[in-house]
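Visitor: Dumping the structure here so I can ask a few things about it.
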Amino acid sequence: MAVTLKAAKREDLTKSVTKQIRTNGDVPSVVYGKDKESKAISVNSIELVKTVRDEGRNAIISLAIENEKPVNVMLHDYQTEPLKDEVIHADFYIVNMDVEMDVSVSLSLEGEPAGVKDGGVLQQPLYEVQVRAKPANIPDVITVDVAELGVGDTLTVGDLPKADSYEVIDEEETTLATVVPPDTVEDTEEAPDDGAEPELVDASKEEEQ
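The sequence shown: position 48 = 48 (full-length UniProt numbering), numbered continuously.
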């Protein structure tokens with residue numbers, strides 16, 4: 001069931017009015033979709049952040065625009081003000097619940113790999129995967145158990161369990177996680193002699209330059 005988010009229409013798009021909307025605690029936004037006319041709206045900032053935090057980035061939102069029938073949307077993009085870390089604009093995309101779409105879904109690794117217990121280091125080069133699914137079937141997160149990964153083992157997209165409700169569309173050879181051996185040989189070779197002060201020497205050289 002989609003979570004409801006109320007929205008107001010924006011008729012006046014001047015900068016002064018847009019600024020006042022933000023001052024009032026709302027976020028100037030746009031809602032659009034395939035073969036749909038885009039509309040300027042505003043939503044409550046607190047409600048928007050709460051919705052995304054509680055429901056997830058790919059949540060289906062029932063956008064209730066004043067005096068109109070609610071439409072199912074997803075938060076397509078948003079902009080923030082870096083200094084205040086506040087949302088200053090949002091884009092909502094109208095979705096067709098019967099049509100598949102491609103989205104990014106977070107990847108979470110679960111468990112401590114056997115290789116890490118043996119001294120290896122777990123590396124995760126990819127934190128999101130591309131998923132194709134109908135809007136209602138998009139997972140909030142894909143969790144993978146990596147407890148059995150040993151030193152030198154690699155987990156790829158092709159190793160992910162197949163799901164009936166969605167498809168991961170990244171290349172099967174794409175690395176998701178790997179356990180690499182500790183680089184003890186190079187660490188020993190690069191270790192400075194006792195009494196050496198390479199950092200101070202480097203600092204001196206930089207000052208002379």
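The beta-carbon is built from N, C-alpha and C at its ideal position, and this holds for glycine as well. This one's a predicted model, so the numbers in the text were calculated from it and none came from an experiment.
When DSSP labels each residue in this structure, what does Q124 get in the three-state scheme?
Guide: Correct three-state label for Q124: coil.
Visitor: Mind reading off the beta-carbon distance from L48 to V87? Whole number of angstroms is fine, and I expect it under 8 angstroms.
Guide: About 6 angstroms separates the two Cβ atoms, so the contact holds.
Visitor: Under the rule that 16 or more other beta-carbon atoms within 10 Å means buried, what is D136, buried or exposed?
Guide: It should be noted that the sequence gives Ala, not Asp, for residue 136. It is exposed - the Cβ of A136 has fewer than 16 other Cβ atoms within 10 Å.
Visitor: If you follow the alpha helix (DSSP H) that E172 is part of, which residue opens it and which one closes it?
Guide: Careful: E172 lies outside any alpha helix (DSSP H) and carries neither H nor E.
Visitor: Within this structure, are the beta carbons of N103 and V131 separated by less than 7 angstroms?
Guide: With the sequence shown as reference, residue 103 is identified as Val, and Asn is not the correct amino acid for it. Yes, the Cβ-Cβ distance between V103 and V131 is below 7 angstroms.
Visitor: With distances taken between CB atoms, is the gap from I94 to K36 smaller than 7 angstroms?
Guide: Yes, Cβ-Cβ distance for I94 and K36 is below 7 angstroms.
Visitor: Label G115 either buried or exposed according to how many other C-beta atoms from any shown protein chain fall within 10 Å of its C-beta, with 16 as the threshold for buried.
Guide: G115 is buried by the Cβ-count criterion.
Visitor: Suppose you measure from the CA of Y127 to the CA of S106; what does that come to, to the nearest Å?
Guide: Their Cα atoms are separated by approximately 6 angstroms.
Visitor: Are the CB atoms of E55 and V3 within a distance shorter than 7 angstroms?
Guide: The answer is yes: Cβ separation under 7 angstroms.
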